[in-house]
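Below you can see the structure in the form of structure tokens.
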């Protein structure tokens, strides 16, 4: 007979390892290239000592002259807070009782819930890799009260079932709204909440975040490639070499292999760093492939970690990712990135060790998956980016 104990044991002993493996190795093509480590964790922070420049204790001189003055390596202390990543499943008491005498039905119930958790977690993790840590999904352009339709600037980061918050600056104007429909052609969404007149009148100033996630997300590529401000607590104004190389395409300028090779050469010349991965949108990837095809009968394809296929440009894999910002290509050395984690994925447990907890006021039980982690790039200034690609 299936009991609550049986359910909890299944979540702990069977599903946890499967979910962890999937999230760590099959999230998306970019995330899976970053190593994961438990090093440099101090309490709730990641503190990573990063060398920069060269050791100054070198020189040339007279045969009988003084030797070069000895110098130590130079270091910066990158400090950032571990981010709290959560995923939940909810099982009703009725569903548990209905399958209590049928182990197969209960396995199907748990499998369906875990599959949903996997899909939503992969979506969220993949999206966060390209953000700046603020958690912004998109901005609102307008809203219509009679239909409930909300027009947004982009639907790239939105999907049915996602629960979101609407903010006006730092003020929450509508929270916990579930997206029930996404019109990707017209860039409109519907939520399960009724729009107010005040919401509609001020909609153009609103920004959308994942529920409770404002300013709480992983430090993604947009923060790494910012051209001003600080990174991991260190000022770019004080240390300009922390600013990555940016090539902005001019109006009418064609994106081709010459532009891309120039960026790779510039980054290597300035920093000595060689790129090992190119990430862009699928649209840019297709366009770039079409420019290469006349010169090659068969385009070279690489297989990356996780089984992903990628085009190759001079031996560097070029991949398309649906979450990459439009008109952007990132040139990365993935060896400079690491996901620092306090622990791997775990179930959040009560003091008695139970992981299925009754949802207060409801006849259902909730289990929460948690991971405390942060993405850190040890050489943010030694990466390249092309923007405004048409």
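Numbering (the working numbering), first residue to last: 14 to 403.
Yeah, the Cβ is synthetic: ideal placement off N, Cα and C, and Gly gets one too.
Asked: Return the chain-ordered list of same chain residues with a C-beta closer than 7 Å to the C-beta of residue 136, the five sequence neighbours on each side being excluded.; Found: 172
Asked: Am I right that residue 358 and residue 33 are in contact with their C-beta atoms under 8 Å? What's the rounded C-beta distance?; Found: 4 Å
Asked: Can you give the Cα-Cα distance for residue 216 and residue 341, rounded to whole angstroms?; Found: 28 Å
Asked: Could you check what DSSP says for residue 342 in three-state terms: helix, strand or coil?; Found: strand
Asked: Identify, in the order they occur along the chain, each residue of the same chain with its Cβ nearer than 8 Å to the Cβ of residue 330, setting aside the five sequence neighbours on each side.; Found: 289, 290, 291, 315, 317, 323 and 324
Asked: Which residue from 138, 245, 256 and 69 puts its Cα closest to that of residue 223?; Found: 138
Asked: Three-state secondary structure (DSSP) at residue 230?; Found: coil
Asked: Tell me the rounded alpha-carbon separation between residue 218 and residue 386.; Found: 32 Å
Asked: Pull up the distance between the alpha-carbon of residue 13 and that of residue 299, whole angstroms please.; Found: This structure does not reach residue 13, given that the chain is present from 14 up to 403, and the question cannot be answered.
Asked: With C-beta atoms as the reference, is residue 344 less than 9 Å away from residue 402?; Found: no
Asked: Pick out whichever of 90, 106 and 397 has its Cα sitting closest to the Cα of residue 243.; Found: 90
Asked: Look at the alpha carbon of residue 124 and the alpha carbon of residue 29, and state the distance between them as a whole number of angstroms.; Found: 12 Å
Asked: Could you name the residues of the same chain whose beta carbon sits closer than 7 Å to that of residue 235, not counting the 5 residues immediately before and after it, in chain order?; Found: 143, 144 and 145
Asked: Take residue 70 and list the residues in its own chain whose beta-carbon comes closer than 6 Å to its own, dropping the five residues that flank it on each side.; Found: 81, 83 and 84
Asked: Helix, strand or coil for residue 81 per DSSP?; Found: coil
Asked: What separation, rounded to the nearest whole angstrom, lies between the Cα atoms of residue 31 and residue 122?; Found: 16 Å
Asked: On the criterion of 16 or more Cβ atoms from any shown chain inside 10 Å, does residue 393 qualify as buried, or is it exposed?; Found: buried
Asked: Only counting runs of 3 or more residues, tell me where the beta strand (DSSP E) segments fall wholly within the stretch 186-223, in order along the chain.; Found: 201-204 and 220-223
Asked: Drop a sphere of 10 angstroms on the beta-carbon of residue 67, count the other beta-carbons inside from all chains shown, and report buried for 16 or more, exposed for fewer.; Found: exposed
Asked: Please give me, in chain order, every unbroken run of the beta strand (DSSP E) with length at least 3 that falls completely inside the stretch 27-91.; Found: 48-50 and 58-65
Asked: Please state the DSSP three-state secondary structure of residue 23.; Found: helix
Asked: What three-state label does DSSP hand residue 131 in the structure shown?; Found: helix
Asked: On the criterion of 16 or more Cβ atoms from any shown chain inside 10 Å, does residue 277 qualify as buried, or is it exposed?; Found: buried
Asked: Is the stretch 252-270 close to the stretch 366-377, with three or more CB pairs under 8 Å?; Found: no
Asked: Would you report the Cα separation of residue 332 and residue 97, rounded to the nearest angstrom?; Found: 28 Å
Asked: Let me make sure I understand the geometry here. Which of 209, 159 and 220 has the alpha-carbon closest to that of residue 151?; Found: 220
Asked: What residues in its chain sit with their C-beta under 7 Å from that of residue 86, if we drop five residues either side in the sequence?; Found: 64 and 68
Asked: In chain order, what residues of the same chain lie with their CB nearer than 7 Å to the CB of residue 148, ignoring the 5 residues before and after it?; Found: 222, 223, 226, 227, 228, 229 and 230
Asked: Out of 249, 368, 185 and 297, which has the shortest C-alpha to C-alpha gap to residue 380?; Found: 368
Asked: If we ignore side chains and look at the alpha-carbon of each, how far apart do residue 397 and residue 354 end up?; Found: 26 Å
Asked: Kindly list the residues whose CB is nearer than 8 Å to the CB of residue 126, restricted to its own chain and excluding five residues on each side of it in sequence; keep chain order.; Found: 102, 103 and 104
Asked: Does DSSP put residue 310 in a helix, in a strand, or in coil?; Found: Here residue 310 scores only 48 on pLDDT, less than 50, and its place in the model is too uncertain to base an answer on.
Asked: Of the choices 160, 248, 183 and 195, whose alpha-carbon is the least far from that of residue 166?; Found: 195
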